[in-house]
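Q: Before anything else, here's the structure in question.
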Ligand SMILES: [Zn+2]
């Protein structure tokens, strides 16, 4: 009996991380595209001062950490404060043969009242399969983001941003909150809230793949 327990605990301890369905060789590759960088600061807010490029990097690093823990293979388009052109970001995704592309950004508006989360996907007419998958990924990420952050959902929207238009795999762009809104800016700067956003994105990605595998198993 003792021996059985020993082997059982060995199997349990040496297995994949809890909750993960994937084995490393089959792990999908997720591109975490980190918005802006270097001379391109993105949106900025004052009192407290805040730059979009910095929030993108801080949050994206957490997204990578959580996706790593779930067993995914993650490639970031930048991991330092450097400028990466939009075509280069698409090239990184193509070369990595990425399964999906998730771009991390934060929003800004003339109206200081505007707040909440938006997730964009490209409704490419010439590739309906990609458009449908992108929409599913966007819905999944939005659902999990709202669950984690309790922020306002401003909806899943069609967008024509370069990185989600020119990539060839399912792609979404997350606008994780408004730098132009004082309350939201304070939240976005906190590590605690960044963790909630990052967990939401990672959960959404995980849910997207698990739904696909379930469907593939049935058919
Ligand atoms: Zn941006």
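Numbering (this note's numbering), first residue to last: 1308 to 1526. Just so you know, even glycine gets a beta-carbon here, dropped at the ideal spot from N, CA and C. Everything numeric in this text was worked out from a predicted model, so none of it was measured.
Closest to residue 1350 by CA distance: which of 1377, 1412, 1399, 1379 is it?
A: 1412
Q: Going by DSSP in three states, residue 1432 sits in which element: helix, strand or coil?
A: coil
Q: If you run the structure through DSSP and keep just helix, strand and coil, what is residue 1518?
A: Taken through DSSP and simplified to helix, strand or coil, residue 1518 comes out as helix.
Q: I'd like the list of long-range same chain contacts for residue 1423, defined as Cβ closer than 6 angstroms, with 5 residues on each side in sequence excluded.
A: 1458, 1459, 1461
Q: What does DSSP give as the partner residues of residue 1386 in its beta bridges?
A: Residue 1386 is not bridged to any residue.
Q: Have a look at residue 1444 and residue 1436 and give me their C-alpha separation to the nearest angstrom.
A: Rounded to whole angstroms, residue 1444 to residue 1436 spans 12 angstroms at the Cα level.
Q: Applying the criterion that 16 or more other CB atoms from any shown protein chain within 10 Å of the CB defines a buried residue, is residue 1418 buried or exposed?
A: Taking all protein chains shown into account, residue 1418 has fewer than 16 neighbouring C-beta atoms within 10 Å of its C-beta and is therefore exposed.
Q: Should residue 1450 be listed as close to ligand 1, given that the test is whether its C-beta is under 8 angstroms from any heavy atom?
A: If you check the C-beta of residue 1450 against ligand 1, you find no heavy atom less than 8 angstroms away.
Q: Could you tell me which of 1483, 1335, 1380 sits nearest to residue 1451, measuring between CA atoms?
A: 1483
Q: Looking at residue 1390 and ligand 2, is the gap between the Cβ and the nearest heavy atom below 8 angstroms?
A: For ligand 2, the structure offers nothing, since it holds only ligand 1.
Q: Just reading off the beta strand (DSSP E) that residue 1464 is part of, what are its end residues?
A: Start and end: 1460-1465.
Q: Evaluate residue 1348 with the Cβ neighbour count: other Cβ atoms within 10 Å of its Cβ, from every protein chain shown; 16 or more gives buried, anything less gives exposed.
A: exposed
Q: Closer than 5 angstroms between the C-beta and any heavy atom of ligand 1: which residues qualify, listed along the chain?
A: Here the list is 1342, 1349, 1412.
Q: What's the call for residue 1526, buried or exposed, on a 16-neighbour Cβ count within 10 Å?
A: exposed
Q: Is the beta carbon of residue 1387 closer than 9 angstroms to that of residue 1344?
A: yes
Q: Which value, in whole angstroms, describes the spacing of the CA atoms of residue 1494 and residue 1500?
A: 6 angstroms
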